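Numbering (this note's numbering), first residue to last: 5 to 268.
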């Protein structure tokens, strides 16, 4: 139940780069005769490709608030209701930069918790004694979902390819399609509204298994300048899988790394 939900709680609720030919091929760490600049640590540097630079910079500034907002966001808590074929559940998600992540799904007195502390991905149930590390396959997918923010940010981080593909309509809205391919075996296609610069749809392909998931973001609002989708619909291999509706958002609520560790 939890794995497919992870993709729905990504950048809409609020990285890696050997650039492809459609982007630019440069040494991202140094320029001859100038001081070394660690571009991998810059959320949205210029990349030397006019079209891709324009799309990503507008997305960063208009769609995510730019450095004035992004640099100030350290953590986020969200909660709401999740609808699956099996019923409706309460959920609570906690994230902290750069990759601390915990999700709780409740069904009355029963609950399941999954977390990632930057090193170990784990799961526990209603009893703390149930706590255990995730299997290798589950951990891989969970860690992919633990990334804070969009994979479009930090384009020069190692292990990532990023490219502009096309301008296409999505439900009647003109969108720019940008693809991110990760060395972890995931391919993420972002469909960004050409006017609002908000993500309308994200399609994730697991290149190891062939599974395709599509996430659509609706009913955007802004919390302290941050665009938040209050309704997210997820499908797996073309079939509806889940819908979640956001009820509460809290930013920078003083989270500590130890809060994401597996219970002893």
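Even for Gly, the Cβ is constructed at its ideal location relative to N, Cα and C. In this text, all values refer to a predicted model and were calculated from it rather than measured experimentally.
Practice task
Counting only the same chain and skipping the five closest in sequence on each side, list residues whose C-beta sits under 8 Å from that of residue 251.
Solution key: Start at 1 with the first residue of the chain shown, and residue 251 comes out as number 247. 83, 84, 85.
Handout entry: Per-residue DSSP class, three states only, for residue 197
Key = Reading the chain shown from its first residue, position 193 is the one you call residue 197. Three-state result, residue 197: strand.
Problem - Per-residue DSSP class, three states only, for residue 50 - result: Position 46 of the chain shown, counting from 1, holds the residue named residue 50. The answer is coil: DSSP assigns residue 50 none of H, G, I, E or B.
Handout entry: Bridge partner(s) assigned by DSSP for residue 252
Key = Position 248 of the chain shown, counting from 1, holds the residue named residue 252. Note: residue 252 sits in a beta bridge opposite 83.
Exercise for the section: Confirm, please, whether the CB-CB distance from residue 124 to residue 115 is below 9 Å. Expected result: Start at 1 with the first residue of the chain shown, and residue 115 comes out as number 111. Start at 1 with the first residue of the chain shown, and residue 124 comes out as number 120. Not a contact, by the Cβ cut-off of 9 Å.
Problem - Same chain, Cβ closer than 6 Å to residue 254, five either side skipped, listed in chain order - result: For this step, residue 254 is matched to residue 250 along the chain shown. So the qualifying residues of the chain are 81.
Practice task
Note down, one range per segment and in chain order, each beta strand (DSSP E) of at least 3 residues found wholly within the region 107-140.
Solution key: 114-120, 125-128
Handout entry: Anticipated Cβ contact below 8 Å, residue 4 with residue 77, distance rounded
Key = In the structure displayed, the chain extends from 5 to 268; residue 4 sits before or after that span and is not available.
Practice task
Drop a sphere of 10 angstroms on the beta-carbon of residue 228, count the other beta-carbons inside from all chains shown, and report buried for 16 or more, exposed for fewer.
Solution key: The sequence position of residue 228 within the chain shown is 224, counting from 1. Label assigned to residue 228: exposed.
Practice task
Given a cut-off of 9 Å, decide if residue 150 and residue 105 are closer than it, judged by their beta-carbon atoms.
Solution key: Taking the first residue of the chain shown as position 1, residue 105 is located at position 101. Taking the first residue of the chain shown as position 1, residue 150 is located at position 146. Taking 9 Å as the Cβ cut-off, residue 105 and residue 150 qualify as a contacting pair.
Handout entry: Candidates 153, 126, 152, 43: closest to residue 140 by CA position
Key = The residue you call residue 140 lines up with position 136 of the chain shown. If we check each option's Cα against that of residue 140, 126 comes out closest.
Handout entry: Secondary structure of residue 261, DSSP reduced to three states
Key = As a first step, residue 261 must be located in the chain shown, where it is residue number 257. Here residue 261 sits in helix by DSSP.
Problem - Three-state secondary structure assigned by DSSP to residue 178 - result: As a position in the chain shown, residue 178 is number 174, starting the count at 1. Strand.
Practice task
Determine the direct distance from the alpha carbon of residue 145 to that of residue 162, and round the result to whole angstroms.
Solution key: On the chain shown, position 158 is the one that residue 162 refers to. On the chain shown, position 141 is the one that residue 145 refers to. Spanning the two alpha carbons is a distance of roughly 19 Å.
Exercise for the section: Check whether the region 205-214 touches the region 188-195, taking contact to mean three or more Cβ pairs, one atom from each stretch, closer than 8 Å. Expected result: Three or more Cβ pairs drawn from the region 205-214 and the region 188-195 lie within less than 8 Å of each other, which places the two stretches in contact.
Exercise for the section: Helix, strand or coil for residue 190, going by three-state DSSP, please let me know. Expected result: The sequence position of residue 190 within the chain shown is 186, counting from 1. It is a strand residue.
Handout entry: Pair within 9 Å by beta-carbon distance, residue 67 and residue 179
Key = By one-based count along the chain shown, residue 67 stands at place 63. By one-based count along the chain shown, residue 179 stands at place 175. Between residue 67 and residue 179, the gap from beta carbon to beta carbon reaches 9 Å or more.
Problem - Environment of residue 134 [buried if 16+ CB atoms lie within 10 Å] - result: Counting from one through the chain shown, the residue named residue 134 turns up at place 130. Residue 134 comes out exposed.
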